[in-house]
Structure formats: C-alpha cells, structure tokens
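Take a look at the structure below.
Residue numbers (this note's numbering), protein chains in the order written: chain A, 33 to 215; chain B, 33 to 215; chain C, 33 to 215; chain D, 33 to 215.
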C-alpha cells in the first residue's frame with residue numbers, strides 16, 4: 033500500500049506542499065512535482081479520423097508511476113479559485129488516456145484506488161475554493177476514482193499554513209487514516 | 033468599441049468556436065487562439081526577494097492586444113468541468129501582471145471593460161458547468177472586470193452545437209446586445 | 033400530456049409568476065400556489081420505532097394532484113439565494129412520501145415525468161442563484177426525476193422581469209418546447 | 033461573551049444537535065429549537081404601498097434573543113442538500129426585519145457578531161452539502177454577518193455522527209476557539 037502525491041504548485045516549500053508533507057510524513061510516498069516535467073496541453077482529437085496521436089512528453093511516464101500506487105493525492109495551491117493550470121493540463125490529458133489502447137484498463141485501475149485533494153488558498157478558500165472541490169467531485173466521479181476526502185488550508189506567504197491549526201489537525205488526521213490503510 | 037475573443041480550445045471549428053462566432057458575427061473582433069501561442073505556466077514568485085522575473089513568451093503581447101478592446105469573451109470548451117488547462121495557465125499569469133511595473137493600471141483598465149464566458153461541454157454542462165461559472169465570477173470580481181454574462185452550450189462531436197437551439201438563440205441575443213453596445 | 037406548476041412565492045403577479053406564465057401560456061396547466069395551502073414542516077421520524085405518522089394537512093392532496101401531470105415546474109422567487117422556505121418545506125416532506133405505503137411507486141412515477149425550475153432573483157441571480165440550481169440537480173437526481181431545464185430571471189420590483197429580455201426569450205423557447213411535447 | 037444556537041432540526045438528540053453540543057459544551061449558550069416556535073413564512077410585501085405588516089408569531093422574540101449574543105451558530109440537518117425548510121423560513125423573514133423600523137440597526141448589530149454553520153447530512157455531505165455552504169456565504173455577506181467557519185458531518189441514523197471522527201475533532205477545535213473568544 034503506497035501513496036502518489038501529484039504536486040501542482042511551483043514554490044519550494046510552498047504552503048500546499050508543507051500541508052501535504054504533514055499529511056504523509058513517515059508513509060511510503062512517491063512525490064511528483066508537475067513543474068519538473070514537460071506535459072503538453074491536450075489537443076482534442078476525439079473525433080478526428082485518426083484519433084489521438086502519440087505525444088512525446090513526460091505524461092505517460094507519470095501516469096505509469098501513479099498507477100502503481102493505491103492512494104493518489106492531488107496537492108494544488110488554489111490559483112484563481114481552482115487547481116493550477118499545470119495540474120489542469122495534466123488532468124485534461126486523461127481524455128486521451130481514456131482512448132489510449134495502451135491503457136484500456138485505466139478506469140478500472142483507478143476504481144480500486146482512492147483520491148484526496150489538498151489545497152491551500154489565500155482568498156477565503158473555505159468558501160471560494162468550494163467550486164473547485166465540486167469539480168474534483170465531478171472529475172473523480174467521471175473517471176471512477178473514489179473521492180475519499182479533502183483538506184482546504186489558508187495561506188499566502190510561505191509558512192502561513194503553519195498558523196492554520198484547523199488544516200494542520202486535518203492533515204494529522206489524514207496521516208493517521210492513511211497509516212491505518214497502509215499497515 | 034471592439035471585442036477580443038480568447039479561445040481556449042484546440043479543435044478547428046469546434047463547438048465552442050462555432051457558438052462564439054455566432055455571437056460575434058459581423059462585429060469588430062480580434063480573435064486570439066491560445067493554442068497558437070507559447071505561454072509559460074506561472075512560477076509563483078510573489079514572495080521571493082526578487083519578485084516575478086520576466087518571462088520570454090507570448091503572454092505579454094497577448095495582454096497588450098486584449099487591453100485594446102472593450103469587451104473580452106472567454107471562449108472555452110468545458111474540459112473536465114472547467115476551463116481548459118491552456119486558458120487556466122493564461123489566467124494564472126494574471127498574478128504576475130498584477131505586480132508588473134509595466135502594467136500598473138491593469139485592474140483599472142479591466143474595470144472599464146466587460147467580460148463574457150462562452151463554454152460548451154458534453155456532460156450536463158448546464159448543471160456540471162456551474163462551478164466553472166462561479167469561478168469565473170470570483171476571478172472577474174477579484175480582478176475588477178465586470179462579468180456581463182455567459183452562455184453554456186451542449187455538444188460533443190463537432191457540429192453538435194448546431195442542435196442546441198437554446199444556446200444558438202442565446203448567441204443571437206448576445207450578438208444583438210454587443211451590436212448595440214458597439215454602435 | 034399536461035403540466036403542474038408549483039409556485040413558491042407569495043406576491044400576486046410577482047416576477048417569478050409572470051415569467052412562469054409566459055412559459056406555459058396556452059398550455060394545459062394546473063397551478064398550485066403553496067401559499068394557499070397548509071403544509072407542515074417535516075418531522076424526521078425515519079428512525080423512530082413507529083416511523084412517520086400521518087400528518088393532517090394539505091400535503092398529500094397536493095402530491096396527488098401533481099402526480100397526475102407529465103411535467104412539473106418548480107417556480108420560485110430566489111429568497112436568500114435559494115428556493116423559498118415554503119417550497120423547501122414542501123420538498124422536505126418528500127422524505128416522508130418515500131416511506132409512505134400509500135406512495136410505494138412515488139419514485140417510479142416521478143421517473144417518467146420531467147422537471148423544470150423557473151426562478152427570479154434580485155442579487156446577481158445568474159451567478160448567486162447557481163448553488164440553488166445545483167441543489168435542484170441533486171434533489172431531482174436523488175428522487176429520480178429528470179431535470180429538463182431551468183430559467184433564471186432578474187428582478188426586484190413587480191414588473192421588473194419584463195425588462196429581462198433574456199429570460200423572456202428563454203420562457204418563449206420553453207413554451208415552444210412544452211407545446212411540442214404536449215401535442 | 034455568549035453564544036446563540038439556532039437549531040433547524042426536529043429529532044431529539046439528532047446527529048446535528050449532538051455535533052453542536054460537542055462544539056459548545058461548557059460554554060454559555062442559549063439554545064433555540066425552531067421546531068418549538070411558530071414562525072410564519074414570509075409574505076413578500078417589500079413593494080406594496082403599506083409595506084410589511086406586523087406578524088403575530090414568535091419570530092421577533094427569537095430575533096431579540098439572538099441579538100443578545102456574540103456568536104450565532106446555525107445548526108441544521110441537511111435536508112435535500114440544504115438547510116431545513118423551518119430554518120429557511122426563519123432566514124426568509126430577515127427581509128422583513130431589514131425594513132422593520134424597530135430594527136433599524138439589525139445589520140449593524142449583526143456585523144459585530146460572528147456566525148458558524150454546523151450541518152450533518154447522509155448523502156455525501158462533504159461534496160453535496162457545498163452549495164448550501166455557498167448559500168450561507170452569500171446570506172451572511174448580504175446581511176453583513178462575518179462567517180467564521182463551518183463543520184459538515186456525516187450521518188443518517190441517530191448516533192451515526194459519533195463515528196465521524198473528523199467532524200468530532202472539528203467540533204472540539206471549534207469549542208476551544210469559542211472558549212478563547214469568550215474568556
């Protein structure tokens with residue numbers, strides 16, 4: 033039992049990363065920082081005669097790494113009330129994977145995992161971050177990935193998150209829960 | 033009085049583009065297809081000692097073009113219940129522009145324009161597209177750009193949108209409204 | 033083929049009623065003004081040993097009338113960003129009907145009808161009314177009633193809605209659609 | 033410094049009440065169970081020549097009691113993805129109070145208090161309860177009452193909430209926070 037964390041942010045030691053590390057400390061985790069990889073935005077070829085063309089970038093390798101784990105954590109700062117564009121580009125590409133003959137069991141594999149969202153924002157995230165949570169809900173529903181929970185934290189400057197007691201306690205609870213699942 | 037359209041999709045003659053063209057037909061429009069430009073995802077340097085570093089890509093040139101117009105239409109297919117990653121990356125960069133000494137009047141300029149959203153999706157967009165509209169609402173509120181309206185259409189295959197009478201009529205109404213504003 | 037309209041408002045010739053009448057003009061309609069009936073708020077007896085007790089009020093008679101029709105229109109002014117308390121009390125009672133031996137086929141009957149929502153509000157209803165639409169979506173999903181569409185209008189003073197061209201055109205389109213369904 | 037709790041539910045020892053009592057245990061609290069009072073649904077007389085007419089029910093007495101406190105907790109089971117009809121009818125009446133010469137400082141008084149929402153639901157409340165939270169956000173924003181936080185719990189049968197560790201810990205945190213504020 034192991035965990036993949038997909039980071040959508042860019043700051044070293046950003047608030048979202050800090051909160052996420054609190055949540056997975058001491059557990060078996062593979063961390064993927066999307067900023068370190070090259071991922072093309074999707075080109076919608078669902079209805080072209082040839083269908084989707086293979087893309088030469090890091091996307092498939094990341095999917096392969098993620099699929100090895102049992103828990104997937106989407107860790108994203110809230111930029112403009114939603115996940116980062118980087119993370120959105122990653123998710124958008126799922127439309128291609130769903131039609132990729134190399135990944136015919138993509139949905140089936142995801143259905144046996146569970147997903148968490150950890151997100152930190154600066155402008156009333158517990159209110160204005162809710163449409164993003166609803167979108168993750170729709171996304172995971174469509175792809176058949178059980179949505180097991182989320183943590184929303186508040187912060188702007190690096191380190192701010194350490195003042196958000198509620199988020200820190202939620203991270204601690206999540207860690208306990210993940211620990212039980214894993215052991 | 034003129035209109036900038038920012039396209040977030042990738043398909044030639046996609047449903048969203050078709051619906052948007054219905055909305056602006058015969059009017060003075062500058063069309064910007066984000067897929068034709070190179071835009072880096074934001075690197076959050078809000079709190080670094082040097083602040084944001086200049087990025088060598090097409091972003092600023094696009095901002096300059098958009099700022100010349102009075103109406104901005106955000107035209108995006110609904111990918112995974114939200115705007116496309118391409119468009120999100122474009123919006124994310126506004127955080128940089130807000131702190132860019134070359135754009136000190138960015139918010140002020142936007143406050144004298146008005147924005148529309150035109151979006152087409154395939155999975156109950158009139159329901160499951162609503163969190164995206166709420167996000168645009170928060171986004172425009174934050175940046176001070178008046179949100180003048182939106183059209184949500186339904187379609188998957190190219191051409192589907194031509195069956196969505198409701199969306200087509202809304203596009204026609206929008207065109208009339210824009211025409212009045214412009215003349 | 034016929035239509036039941038459930039009105040949640042209280043004003044004679046209120047904006048929501050006006051918009052609704054535009055939508056059903058000339059069609060076979062049974063109008064139910066909740067304000068003219070006595071409906072007890074639900075008492076949650078789902079888990080008491082005796083279960084729900086019969087309530088002596090007008091609720092069941094209204095359900096019987098509604099179930100005779102093929103289309104149900106929920107017509108509510110937007111009070112405080114949601115349906116009126118009166119309409120909410122009516123909906124809340126469905127939890128009782130779902131367990132009422134006299135209505136064992138309640139969900140089954142509803143599944144063969146279709147629902148519309150018509151709502152008018154005064155404070156940015158096209159934005160701030162969206163959580164209400166999402167709730168109707170969840171409500172209709174749970175009860176198995178197909179959600180066929182909605183119209184959101186803007187207005188405060190009686191008569192304001194006649195200035196909302198977009199809502200009026202949507203009402204006209206809905207009327208045409210209903211007419212086709214009925215004939 | 034003291035707390036008013038407004039209960040919208042009907043079950044003795046229901047899940048929402050249990051979670052709320054955890055949150056305020058040992059603190060100075062005045063509890064108001066809406067089910068024990070008679071509150072008329074609002075009749076919208078905002079634009080009649082006479083304006084709102086006095087209503088003979090328990091509403092004003094409850095408002096008077098609530099206004100004495102510094103913290104207001106809205107404690108409602110989630111019925112059909114929203115607050116109960118009873119609580120909605122109570123909130124709807126604020127439109128009258130806002131125009132009542134006896135309450136000219138209603139908004140002003142509320143602006144110096146803070147509000148919390150505690151809600152328990154049975155159908156994915158952490159996802160499907162979010163539109164309700166957004167509505168409370170809009171409601172409190174409009175009335176000028178600072179929205180200090182919310183807890184969403186999960187449960188159906190009485191006692192279920194005691195299995196929701198996350199909600200219980202959130203209640204404990206809220207109690208600590210309220211205790212600090214009060215002392």
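The beta-carbon is built from N, C-alpha and C at its ideal position, and this holds for glycine as well.
Three-state secondary structure assigned by DSSP to residue i
i: residue 150 of chain B; result: strand
i: residue 117 of chain A; result: helix
i: residue 129 of chain A; result: helix
i: residue 75 of chain B; result: coil
i: residue 70 of chain B; result: coil
i: residue 88 of chain A; result: coil
i: residue 190 of chain C; result: coil
i: residue 43 of chain C; result: coil
i: residue 19 of chain A; result: In this structure chain A extends from 33 to 215, so residue 19 of chain A is not present and cannot be described.
i: residue 124 of chain D; result: helix
i: residue 96 of chain D; result: helix
Residue i and residue j closer than 8 angstroms at C-beta
i: residue 175 of chain B; j: residue 142 of chain B; result: yes
i: residue 157 of chain A; j: residue 201 of chain A; result: no
i: residue 104 of chain A; j: residue 110 of chain A; result: no
i: residue 34 of chain D; j: residue 62 of chain D; result: yes
i: residue 160 of chain C; j: residue 114 of chain D; result: no
i: residue 51 of chain B; j: residue 193 of chain B; result: yes
i: residue 125 of chain A; j: residue 91 of chain A; result: yes
i: residue 177 of chain A; j: residue 145 of chain A; result: yes
i: residue 73 of chain A; j: residue 117 of chain B; result: yes
i: residue 181 of chain C; j: residue 148 of chain C; result: yes
i: residue 46 of chain D; j: residue 190 of chain D; result: yes
i: residue 207 of chain C; j: residue 81 of chain C; result: no
i: residue 211 of chain A; j: residue 59 of chain A; result: yes
i: residue 84 of chain C; j: residue 132 of chain C; result: yes
i: residue 71 of chain D; j: residue 39 of chain D; result: no
Beta bridge counterpart(s) of residue i as assigned by DSSP
i: residue 83 of chain D; result: Paired residue(s): none; residue 83 of chain D is not in a bridge.
i: residue 169 of chain B; result: None, per the DSSP bridge assignment.
i: residue 55 of chain D; result: Per DSSP, none; premise fails for residue 55 of chain D.
i: residue 62 of chain A; result: A/36
i: residue 109 of chain D; result: D/152
i: residue 185 of chain B; result: B/152
i: residue 103 of chain C; result: C/35, C/146
i: residue 179 of chain A; result: A/147
CB contact below 8 angstroms: residue i versus chain A
i: residue 163 of chain B; result: yes
i: residue 167 of chain D; result: no
i: residue 73 of chain B; result: yes
i: residue 101 of chain B; result: no
i: residue 139 of chain D; result: no
i: residue 197 of chain D; result: yes
i: residue 174 of chain B; result: yes
i: residue 77 of chain D; result: no
Min CB distance residue i to chain B below 8 angstroms
i: residue 145 of chain C; result: no
i: residue 116 of chain A; result: yes
i: residue 189 of chain C; result: no
i: residue 159 of chain C; result: yes
i: residue 207 of chain A; result: no
i: residue 185 of chain A; result: no
Test: residue i CB closer than 8 angstroms to a CB of chain C
i: residue 201 of chain B; result: yes
i: residue 129 of chain D; result: no
i: residue 61 of chain D; result: no
i: residue 121 of chain D; result: yes
i: residue 91 of chain D; result: no
i: residue 42 of chain D; result: yes
i: residue 155 of chain D; result: yes
i: residue 124 of chain D; result: yes
i: residue 64 of chain D; result: no
CB contact check: residue i to chain D, cutoff 8 angstroms
i: residue 67 of chain A; result: no
i: residue 85 of chain A; result: no
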